[in-house]
Amino acid sequence: MAFHGRDERSRAVSDDLEQIFGQVDPAVPPEAAGRPSAVKGVPLGQPRRRLSAGAAGALGAVALAAVAVWAVANRAPPKAAAAPPAATLPVQVAQAAPPPAPSTTASAPLNTLPPAAPAASVEAPAVQSAATPKKPAAARPKVTRAKASREGGGRCAGLHGEARARCLYPAVISADRRLRTAYASAVRAGAPRGVLVEYRREWAGLRRVANRDPRRVINGYRAMASELDRIAARERARS
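Each residue of the sequence shown is one higher than the one before, counting from 1 in full-length UniProt numbering.
(1) Check for me: the alpha helix (DSSP H) holding Leu-228 runs from which residue to which?
(2) Could you tell me whether the segment 186–205 touches the segment 223–236, where touching means 3 or more Cβ pairs closer than 8 angstroms?
(3) Just checking my contact of Ala-165 with Asn-211 at CB under 8 angstroms: how many whole Å lie between their CB atoms?
(4) With distances taken Cα to Cα, identify the nearest neighbour of Asp-213 among Ala-163, Arg-11 and Ser-10.
(5) With DSSP as the reference, label Leu-159 as helix, strand or coil.
(6) For Arg-208, which three-state DSSP category applies?
(7) Comparing alpha-carbon positions, which option in Gly-194, Leu-179 and Arg-234 lies nearest Arg-207?
(8) Near Glu-235, which residues of its chain fall below 7 angstroms by C-beta distance, leaving aside the five closest residues on each side in sequence?
(9) Quick one: is Leu-168 near chain B, going by C-beta distance under 8 angstroms?
(10) For Ala-232 and Val-187, I'd like the C-alpha separation in whole angstroms.
(11) Helix, strand or coil, according to DSSP, for Ala-171 in the structure here?
(12) Check whether the Cβ atoms of Leu-168 and Arg-215 sit closer than 8 angstroms, and answer yes or no.
(13) Taking the alpha-carbon positions, what's the Arg-177 to Cys-156 distance?
(14) Whole angstroms is fine: what's the gap from Thr-181's alpha carbon to Gly-161's?
(15) Under the assumption that Ala-175 contacts Arg-222 (Cβ atoms under 8 angstroms), give the Cβ distance between them as a whole number of angstroms.
(16) Going along the chain, which residues of its own chain have a beta-carbon closer than 8 angstroms to the beta-carbon of Val-209, five neighbours each way excluded?
(17) Report the rounded CA-to-CA distance for Gly-60 versus Asp-15, giving the unit in angstroms.
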């Protein structure tokens, strides 16, 4: 049924076009040239008829299809979304490390002695209650007390760590003073520079372990003091 309707519409459009434009004769005689020719089917002076509704609809559909094709072909492509700006990362500038402190062991003057041994941390004694009576201190001979403070005595034997370092601190200070006296005597006697530099290096090394091993520091100070006394005596004998 659809095909029959389409054929009838085509014939109607063809008949309308033929009625409007007519059929042109295949050959026009030469004598007829120059005068108006009559179009078959359309008398002269008769107005042309309007297109039928079917022909007008077909032409309108063709025009709409052409406009739609032109609009699709010329439609501008959508603009691409603008890419977000690249994130800028903060640049960290590495700071140059400070130069190491110059060593002053070898270039220090021979008469400059190492600093004294560090003081041991002493805790404050606990505050006694006012109601508790204070016991009288046991009387001890002065000689025994002086020897105990100088040598450490038996009161430091059972202590360890910081408590032992605090107990032996007076003995460390006494050995340090004796070593300073012996070193100054060797310098005045003219002991060789290389020998004095070696003693200064060993002296500084022992100072760093005074809180961990005070007994080792005491014995080392005493041994170096005795050796420096012998060096000073030998240099005086040579001069």
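We put the beta carbon where it would ideally sit given N, CA and C, even for glycine.
Here's the rundown:
(1) The residue labelled residue 228 in the question sits at position 228 within the sequence shown. Looking at the DSSP string, the run of the alpha helix (DSSP H) that includes Leu-228 is 214–238.
(2) At 8 angstroms Cβ cutoff, the stretches touch.
(3) Counting from 1 along the sequence shown, the entry for residue 165 is found at position 165. Counting from 1 along the sequence shown, the entry for residue 211 is found at position 211. The C-beta separation of Ala-165 from Asn-211 comes to about 5 angstroms, placing the pair in contact by the 8 angstroms criterion.
(4) Taking the first residue of the sequence shown as 1, we reach residue 213 at position 213. Ranking Ala-163, Arg-11 and Ser-10 by Cα distance to Asp-213 puts Ala-163 first.
(5) Within the sequence shown, the letter at position 159 stands for residue 159. The answer is coil: DSSP assigns Leu-159 none of H, G, I, E or B.
(6) Counting from one through the sequence shown, the residue named residue 208 turns up at place 208. DSSP places Arg-208 in coil when its eight states are reduced to three.
(7) For this step, residue 207 is matched to residue 207 along the sequence shown. Out of Gly-194, Leu-179 and Arg-234, Leu-179 has the C-alpha closest to the C-alpha of Arg-207.
(8) The sequence position of residue 235 within the sequence shown is 235, counting from 1. Cβ within range, chain order: Ala-189, Gly-190 and Ala-191.
(9) In summary, chain B is missing from the structure at hand, where a single protein chain is found.
(10) Here the question's residue 232 lines up with position 232 in the sequence shown. Here the question's residue 187 lines up with position 187 in the sequence shown. Roughly 8 angstroms separates the two Cα atoms.
(11) Counted from its first residue, the sequence shown places residue 171 at position 171. Assigned with DSSP and collapsed to three states, Ala-171 falls in helix.
(12) If you number the sequence shown from 1, residue 168 lands on position 168. If you number the sequence shown from 1, residue 215 lands on position 215. Contact: yes.
(13) Start at 1 with the first residue of the sequence shown, and residue 177 comes out as number 177. Start at 1 with the first residue of the sequence shown, and residue 156 comes out as number 156. When rounded, the distance between both Cα atoms is 21 angstroms.
(14) For this step, residue 181 is matched to residue 181 along the sequence shown. For this step, residue 161 is matched to residue 161 along the sequence shown. Distance between the alpha carbons of Thr-181 and Gly-161: 29 angstroms.
(15) In the sequence shown, counting from the first residue as 1, residue 175 sits at position 175. In the sequence shown, counting from the first residue as 1, residue 222 sits at position 222. Going by Cβ atoms, the distance from Ala-175 to Arg-222 rounds to 5 angstroms, so yes, they are a contact pair.
(16) Mapped onto the sequence shown, residue 209 falls at position 209. Here the set comprises Arg-216 and Val-217.
(17) For the purposes of this step, residue 60 is identified with residue 60 of the sequence shown, where counting begins at 1. For the purposes of this step, residue 15 is identified with residue 15 of the sequence shown, where counting begins at 1. Those two C-alpha atoms are separated by around 18 angstroms.
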